[in-house]
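Following: one structure in structure tokens, then a few remarks.
In the working numbering, the protein residues as written are 80 to 244.
Shown next as structure tokens:
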């Protein structure tokens, strides 16, 4: 009778070990899949500073700059300041981690903008731009606009007549 009990216990123990091994394999597979997925998402956003990221290092004239802000902490409050090649504030975007922890923003550098900064000619857009994060200790993000056009945007971005810099 004790032999039967021992055999039954061995079968139960063997079954439990098999189930644990299967669960570990499944959990490992899920973890690996999710890591691959995250890695592929991060490939798109290479120009990163803390919770702030833009999709490229270099843009053409007429191309949109896409920014993703994710996982802001509640104490992260400030301004995203976009600085043109002349060193002037081209645009400013407020952020507040208490109100929104994540958001997307995009802009297209143009000869005219809402801040009133005039870049008289489309070629004035060419050069090194900087995105500064005021109110938080994150490093600036730099990007370049090259002297090449997105097809069809020449009609949208025109020189400003009688422009005084």
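Just so it is clear, CB atoms sit at the ideal spot from N, CA and C, and this is done for glycine as well. From a predicted model like this one, the values you see are computed outputs, not experimental measurements.
Practice prompt. In angstroms with no decimal places, state the Cα-to-Cα distance between residue 129 and residue 215.
Written response: Looking at the two C-alpha atoms, the distance is approximately 10 Å.
Item to complete: Return the chain-ordered ranges of every beta strand (DSSP E) run that is complete within the region 157-219 and spans a minimum of 3 residues.
Response: Listed in chain order, they are 168-175, 182-186 and 206-213.
Practice prompt. Give every residue of the same chain whose Cβ lies closer than 8 Å to the Cβ of residue 236, excluding the five residues on either side of it in the sequence, and list them in chain order.
Written response: Within the same chain, and ignoring the five residues on either side of residue 236 in sequence, the residues whose Cβ sits closer than 8 Å to its Cβ are 140, 141, 189, 190, 201 and 204.
Discussion item. DSSP has residue 131 in a bridge; who is on the other side?
Written reply: Beta-bridge pairing links residue 131 to 128 and 148.
Worksheet entry | Short Cβ contact (7 Å threshold) for residue 254 with residue 211 | A question about residue 254 goes unanswered here, because the residues of the chain that appear run from 80 up to 244.
Worksheet item: Identify the residues that DSSP records as bridge partners of residue 233: which are they?
Response: None, per the DSSP bridge assignment.
Worksheet item: Would residue 144 be called buried (16 or more neighbouring beta carbons within 10 Å of its own) or exposed?
Response: Result: buried.
Discussion item. Using a 10 Å radius around the Cβ and a threshold of 16 neighbouring Cβ atoms, would you call residue 227 buried or exposed?
Written reply: Burial check for residue 227: the Cβ neighbour count within 10 Å stays below 16, so the residue is exposed.
Practice prompt. Spell out the partners DSSP gives residue 222 in its beta bridges.
Written response: When DSSP reads this structure, residue 222 sits in a beta bridge with 208.
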